[in-house]
Amino acid sequence: MAFYRQVGEVPGKRHTVFRDPEGRLRYEELMGEEGFSSDSSLLYHAGVPSAIVDSQVWDLPDQSTTPNHPLKPRHLKLHTLFPDAAEGAAGSNPVEHRRLVLGNADVRISYVVAADTSPYYRNAVGDECVYVQEGSGTVETVFGVLPYRSGDYVLVPRATTHRWVPAEASRLYAIEANSHIHPPKRYLSRFGQLLEHAPYCERDLYGPDEPFLVEGKDVEVLVKHRGNAPGGIVGTRMTYATHPFDVVGWDGCLYPHTFNIEDFMPITGKVHQPPPVHQVFEGWNFVVCNFVPRKVDYHPDSVPVPYYHSNVDSDEVMFYVGGDYEARKGSGINIGSVSLHPGGYAHGPQPSAIEASLGAEYFDELAVMVDTFKPLDLGEAALAAEDPAYAWTWAGRGPGSSGDDGGPAVFSNS
Numbered sequence: 001m002a003f004y005r006q007v008g009e010v011p012g013k014r015h016t017v018f019r020d021p022e023g024r025l026r027y028e029e030l031m032g033e034e035g036f037s038s039d040s041s042l043l044y045h046a047g048v049p050s051a052i053v054d055s056q057v058w059d060l061p062d063q064s065t066t067p068n069h070p071l072k073p074r075h076l077k078l079h080t081l082f083p084d085a086a087e088g089a090a091g092s093n094p095v096e097h098r099r100l101v102l103g104n105a106d107v108r109i110s111y112v113v114a115a116d117t118s119p120y121y122r123n124a125v126g127d128e129c130v131y132v133q134e135g136s137g138t139v140e141t142v143f144g145v146l147p148y149r150s151g152d153y154v155l156v157p158r159a160t161t162h163r164w165v166p167a168e169a170s171r172l173y174a175i176e177a178n179s180h181i182h183p184p185k186r187y188l189s190r191f192g193q194l195l196e197h198a199p200y201c202e203r204d205l206y207g208p209d210e211p212f213l214v215e216g217k218d219v220e221v222l223v224k225h226r227g228n229a230p231g232g233i234v235g236t237r238m239t240y241a242t243h244p245f246d247v248v249g250w251d252g253c254l255y256p257h258t259f260n261i262e263d264f265m266p267i268t269g270k271v272h273q274p275p276p277v278h279q280v281f282e283g284w285n286f287v288v289c290n291f292v293p294r295k296v297d298y299h300p301d302s303v304p305v306p307y308y309h310s311n312v313d314s315d316e317v318m319f320y321v322g323g324d325y326e327a328r329k330g331s332g333i334n335i336g337s338v339s340l341h342p343g344g345y346a347h348g349p350q351p352s353a354i355e356a357s358l359g360a361e362y363f364d365e366l367a368v369m370v371d372t373f374k375p376l377d378l379g380e381a382a383l384a385a386e387d388p389a390y391a392w393t394w395a396g397r398g399p400g401s402s403g404d405d406g407g408p409a410v411f412s413n414s
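Rendered as C-alpha cells:
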C-alpha cells in the first residue's frame, strides 16, 4: 500500500546491469502484487533468490476449526491460553506457537505470547497484520529491520521473508489474510495518497530505513502456502543456498511497515458514529477497525454507547486491549478478551451500560475489531478459552433457569 521508498543501493534504471565493486552481478527480484498489475518493489540480491537445496514438510500448528453452531455470541479469554506472560513465553516464538482463535476462507486470527526468536518465515497465502498487545522487539525482513512496540500494527506483505526477534515477552494478535491488507479505499486519492479526512497519514507509517545484510549458506525458511489441508493451508521447510537477507538495496511501494494505534485520530460526532469511522485497514471480505480513547457524542440527549444492531452481513470480533470498554460492563469482558457477535444475531451494550453512559464526555477504551463477511469458525484456541456464560448475560439467565427471579437483571461472570 505504502508510498514510494528507496533503501540502499539500486541502479539508475530498472532491469539493467548492476554489479558489486568486484564486478559480480547483482540479482534483481521483482516482488509484486496482482500479476504485475499493482504495487511492487525491486530487490537486489547478492545471491540467486530462487536457489533452494532442500524442501521438506513443515507440520503447522492445529488449523482445524469448528462451526459456531448452534449460533450464539462467544466470549474468549485469550489470556487464559498464556496465563503468565513471562512464563508462557518461555520456549515459544511468534511464528511456530501461534494458536488459531477464529478463521474462515478469507482470514484467520491467532494469538501467541512469545519471547524466543522465530525461525525465518514467509507467509505465501496472504498479508499479515499483527497487533502488538504488549511487548517490544524487532522484525528482521528481507527489506530491512522494523522495530515494534506495544500498540503497533506490524504489516507484512505476502511472501516477505522475515523473522521476529522479541526483546521481551510479547503478546501478539495475528490477523492473517488470504489477500492483501491496505487502508480503506475511501481514505485514498485515486493516485494512492491518504486524504485529509483519513484518520492517519503517511507520516504515521514506518518502514525499513537501511538494508539488513546477513551472510550465510543453507538457510531454512518456513513457508506457509496454499494446499489441500484444513483451512486450505500447508507448510514447507525450504532451505536456501544463500541467506535471503542478502539484499543490498530495493525501491518501490511494497514493503513491511508499522502503524501505532496511538497515531489513529478518532472521528467523533454530535450523536453516536457507526463503526466505519473506526476503520484502519481492509482486506478481501473483512475490515480492521480500532476503538481508541476519545471524546464522545456532544448532543445533550445523545446515548454514547452503541445502539443494538443486527450483523446482517458480517461477524464481528472485538479484541479488548486497554482501558474500560463501556458497552460491555457487567458481561465479564476484560483486557485480553475477545467477543464474537455472529451474523444473524442482534447485539449491543449490556442493558445497565446504556443508562450508565448517559452524560459521558470521554471513553477510555482500546480495542481492535475485525468484521468478516463470511462466517467465522472456532479454532482450537477459542474452544480452550471460551467463557460459556457470556451468551446469556443480556437476559440475566441461561438454559435451565426458570425466569421467575424478578426479570432480566444483568449479571457478571468475571
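Counting in UniProt numbering, the sequence shown runs from 1 upward without gaps. We put the beta carbon where it would ideally sit given N, CA and C, even for glycine.
Buried versus exposed, by CB contacts within 10 Å (16 or more), residue i
{"i": "residue 205", "result": "buried"}
{"i": "residue 160", "result": "buried"}
{"i": "residue 286", "result": "buried"}
{"i": "residue 57", "result": "exposed"}
{"i": "residue 4", "result": "exposed"}
{"i": "residue 405", "result": "For residue 405, the predicted structure reports a pLDDT of 47, less than 50, and the residue's modelled location is therefore unreliable. A value from the coordinates is still provided. So residue 405 ends up on the exposed side."}
{"i": "residue 290", "result": "buried"}
{"i": "residue 75", "result": "buried"}
{"i": "residue 67", "result": "exposed"}
{"i": "residue 412", "result": "Note on residue 412: pLDDT 30, under 50, position unreliable in the model; no value is reported."}
{"i": "residue 276", "result": "exposed"}
{"i": "residue 310", "result": "exposed"}
{"i": "residue 203", "result": "exposed"}
{"i": "residue 123", "result": "buried"}
{"i": "residue 90", "result": "exposed"}
{"i": "residue 224", "result": "buried"}
{"i": "residue 414", "result": "Confidence in residue 414 is poor, its pLDDT being 27 and thus under 50, which makes the residue's placement too unreliable to answer from."}
{"i": "residue 48", "result": "exposed"}
{"i": "residue 78", "result": "buried"}
{"i": "residue 193", "result": "exposed"}
Host beta strand (DSSP E) of residue i (start-end)
{"i": "residue 140", "result": "137 to 141"}
{"i": "residue 354", "result": "First-last for residue 354: 351 to 357, but that is the alpha helix (DSSP H), not the beta strand (DSSP E)."}
{"i": "residue 383", "result": "Careful: residue 383 lies outside any beta strand (DSSP E), inside the alpha helix (DSSP H) at 380 to 385."}
{"i": "residue 37", "result": "From DSSP, residue 37 is part of no beta strand (DSSP E); its letter is neither H nor E."}
{"i": "residue 75", "result": "74 to 77"}
{"i": "residue 210", "result": "Per DSSP, residue 210 belongs to no beta strand (DSSP E) and is neither H nor E."}
{"i": "residue 257", "result": "257 to 260"}
{"i": "residue 100", "result": "99 to 103"}
{"i": "residue 24", "result": "It is not in any beta strand (DSSP E) - residue 24 carries neither H nor E in the DSSP assignment."}
{"i": "residue 279", "result": "279 to 283"}
{"i": "residue 147", "result": "144 to 148"}
{"i": "residue 289", "result": "286 to 291"}
{"i": "residue 298", "result": "No beta strand (DSSP E) contains residue 298, which DSSP labels as neither H nor E."}
{"i": "residue 371", "result": "365 to 372"}
Those residues which DSSP pairs with residue i across a bridge
{"i": "residue 54", "result": "239"}
{"i": "residue 219", "result": "240"}
{"i": "residue 250", "result": "7 and 43"}
{"i": "residue 194", "result": "188"}
{"i": "residue 166", "result": "137"}
{"i": "residue 339", "result": "75 and 318"}
{"i": "residue 265", "result": "According to DSSP, residue 265 bridges with nothing at all."}
{"i": "residue 80", "result": "In the DSSP output, where bridge partners are listed per residue, residue 80 has none listed."}
{"i": "residue 155", "result": "129 and 257"}
{"i": "residue 178", "result": "Per DSSP, none; premise fails for residue 178."}
{"i": "residue 233", "result": "226"}
Same chain, Cβ closer than 8 Å to residue i, neighbours up to 5 away in sequence not counted
{"i": "residue 294", "result": "266, 268, 362 and 363"}
{"i": "residue 410", "result": "Because the pLDDT at residue 410 is just 36, under 50, the model does not fix this residue reliably, and the point stays unresolved."}
{"i": "residue 377", "result": "65, 66, 67, 68, 102, 103 and 104"}
{"i": "residue 408", "result": "Only weak support is given to the placement of residue 408: the predicted model assigns it a pLDDT of 37, under 50, and the question is left unresolved by the model."}
{"i": "residue 150", "result": "132, 133, 134, 135 and 136"}
Beta-carbon separation (whole angstroms), residue i vs residue j, contact threshold 8 Å
{"i": "residue 213", "j": "residue 245", "result": "7 Å"}
{"i": "residue 200", "j": "residue 131", "result": "In fact, because the Cβ distance is near 15 Å, the residues do not count as touching under 8 Å."}
{"i": "residue 372", "j": "residue 127", "result": "About 15 Å separates the two Cβ atoms, so there is no contact after all."}
{"i": "residue 208", "j": "residue 155", "result": "In fact, because the Cβ distance is near 12 Å, the residues do not count as touching under 8 Å."}
{"i": "residue 134", "j": "residue 186", "result": "That pair is no contact at about 32 Å."}
{"i": "residue 324", "j": "residue 262", "result": "Wrong, their Cβ atoms sit about 18 Å apart, outside the cutoff."}
{"i": "residue 288", "j": "residue 280", "result": "5 Å"}
{"i": "residue 157", "j": "residue 254", "result": "6 Å"}
{"i": "residue 142", "j": "residue 43", "result": "7 Å"}
{"i": "residue 381", "j": "residue 111", "result": "6 Å"}
Contacts around residue i, its chain only, beta-carbon distance under 7 Å, and the 5 residues preceding and following it disregarded
{"i": "residue 357", "result": "303, 304, 305 and 326"}
{"i": "residue 333", "result": "75, 320, 325 and 339"}
{"i": "residue 345", "result": "71, 73 and 311"}
{"i": "residue 15", "result": "28"}
Close-in-space but distant-in-sequence residues of the same chain around residue i (CB under 6 Å, 5 per side omitted)
{"i": "residue 216", "result": "243"}
{"i": "residue 6", "result": "251"}
{"i": "residue 179", "result": "126, 283 and 284"}
{"i": "residue 164", "result": "94, 118 and 139"}
Residue i Cβ short of 7 Å to the ligand COA heavy atom set
{"i": "residue 194", "result": "With respect to the ligand COA, the structure shown offers nothing to examine, as it has no ligands at all."}
Any C-beta of chain C under 8 Å from that of residue i
{"i": "residue 343", "result": "Any reference to chain C falls outside this structure, which holds one protein chain only."}
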